[in-house]
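Have a look at the structure below, then the notes.
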Amino acid sequence: MILKNNSSQMNRNLIVILFLVILGGGIFAFYLYIKQYTPKYNWTEIYKKESDQPYGLKVFYELLESNKKKTHTIKNKFLENLDTTVSNANYVVVGDYLYIDSLRANHILSFAEKGNTVFIATNYAPLEITRMLLPVSDTIYNYGSYEDSIVSVAFDVPNKENYSFHYQYLKDTTTYGWSAYTTTYFNDTLVNYGFKAISTLNNNINCYYFDFGKGKVIIHTNPILFTNYNMIQKNGFDHANKILSNLNNGAIYWDEISQKPINTFNENGMPTENPMQFLFSHYTLRWGWYLFLSTVLIYLLFRSKREQRIIPLQPKNTNTSIAYTEAIGVLYFQKGKHQLIANEMYLLLFASFRNKYQIVTTIEEPELINQVAAKSGIEKEKIDTLFKLFRTVRFSPLANSKDLINLHNAVAFYYKNCN
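Taking the working numbering, the leading residue of the sequence shown gets 195, the next gets one more, and so forth.
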């Protein structure tokens, strides 16, 4: 018996080991598949200076550094790291959205006021800055979005120059939501407060600036034009140089902190720690996490399976209806209700005639006796006697307990001997 149990345990262990080997092989094969067939390039807009993906900013940032300008990357403590005491410097931010509050907006304008240049290229208008220049009575609008696959960017000053751009996704040129201010809104509203156009995109305002103190603020509506895919092409490179020619010759303050929502930083301007972000930012840690989850899953499958509780023994089912019927019969018998008992027996007997022999019980009694005798196999005289006993007990006021007992015996004889 012990040998048999040990053999069974070994078989289970062998199955578990075999499953783990197959699972490990499957995970490794999946890893190789992902590594081989995952696209080399990520075609989403990343806007990070170290990203070499099509829509990263590595080429643009290297172009800034190639001019031998000192660069400062603002990763935290925005108000401290953007020095408003310097002059002839530049503040540059390129991204999807400029996450600043009124305090940071005032700090940026103070930086420009000292004779510095601010360059902002985002898909959404920096309204915190714009609303400081316009009165409350004027409505400030965000950029409009223009769906197209190919656009033309034009500079009017000093010479009429056009640059063609398209949006590429994988191997296809597809439509993209280009941002711009309508010429009507720009000329009717923003021009009144010193805003000047630099370039247009399909005849809408694509880049503009305004003077502030001794410096100026340049705002571009399509940061995608400064990404790697466009910068490695002649039109993109020439367009970027055209825009960057407006910068000063001094140091560059590259803003990274304002590309993330303000609530992701603590009161000191430091990024809030997120363990999962740190874990998934490292290749080996990420796959270690996946392995850990796989191990937990295997444990749940093999070691934490549900075990059914012991089912208690239940008493044997008994047919209590018979005992109940006997008790009721005894009660009626003791109270002398012979007619009631005889009527119940009569109804049950006639029901058996109908169900068992398909006899119509509403016919005349002599014919009914003949059919019952023929189908039940009991002598006609016995059936006739049974019917007479029923009449005696059911209808005679002189019927007594002995008559009821005789009726019971006759009915019992019928049930015992019928076919």
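C-beta atoms are modelled at their ideal positions from N, C-alpha and C, and glycine is treated no differently.
Keep in mind it's a predicted model, so treat the numbers as computed, not measured.
Around the Cβ of threonine 556, a 10 Å sphere holds fewer than 16 other Cβ atoms; the residue is exposed.
Around the beta-carbon of phenylalanine 389, 16 or more other beta-carbon atoms lie within 10 Å, marking it buried.
Within the same chain, Cβ atoms closer than 7 Å to the Cβ of lysine 242 are found at Gly250 and Leu251, the five residues on either side in sequence being excluded. Collapsing the DSSP output to three states places lysine 264 in coil. Contact between the stretch 322–330 and the stretch 340–356 is not established, with fewer than three Cβ pairs separated by less than 8 Å.
If you ignore the 5 residues before and after serine 281, its C-beta comes within less than 7 Å of the C-beta of Lys308, Gly309 and Asn310, all in its own chain and listed in chain order. Under the 8 Å Cβ criterion, the stretch 348–368 does not count as touching the stretch 402–415, having fewer than three qualifying pairs. A residue is called buried when at least 16 other Cβ atoms come within 10 angstroms of its Cβ; tyrosine 318 does not meet this threshold and is exposed. Per the coordinates, the alpha-carbon of asparagine 386 lies some 11 Å from the alpha-carbon of proline 329. If you draw a straight line from the Cα of aspartate 597 to the Cα of proline 506, it is about 50 Å long.
Within the same chain, Cβ atoms closer than 7 Å to the Cβ of isoleucine 577 are found at Ile563, Val566 and Ala567, the five residues on either side in sequence being excluded. Within the stretch 278–321, the runs of beta strand (DSSP E) that reach at least 3 residues and sit entirely inside it are, in chain order, 284–289 and 311–316.
Around the Cβ of isoleucine 412, a 10 Å sphere holds 16 or more other Cβ atoms; the residue is buried.
In terms of Cβ geometry, alanine 374 and tyrosine 337 form a close pair [threshold 8 Å]. Runs of beta strand (DSSP E) with 3 or more residues, each lying fully within the stretch 388–446, are found at 390–395, 398–406 and 409–414, listed in chain order. Under the Cβ criterion (8 Å, minimum of three pairs), the stretch 435–451 counts as touching the stretch 256–275.
As far as DSSP is concerned, alanine 567 takes part in no beta bridge. Ranked by how close their Cα comes to the Cα of tryptophan 237, the residues Ile451, Tyr370 and Val605 have Tyr370 in first place. The three-state secondary structure of isoleucine 323, taken from DSSP, is helix. Distance from phenylalanine 254 to alanine 434 at the Cβ level is roughly 6 Å; contact confirmed, criterion being Cβ atoms closer than 8 Å. For lysine 271 and aspartate 449, the gap between their C-alpha atoms comes out near 11 Å. Between asparagine 429 and tyrosine 357, the C-beta spacing is below 8 Å. In summary, threonine 368 is exposed, with fewer than 16 beta-carbon neighbours lying within 10 Å of its beta-carbon over all protein chains present.
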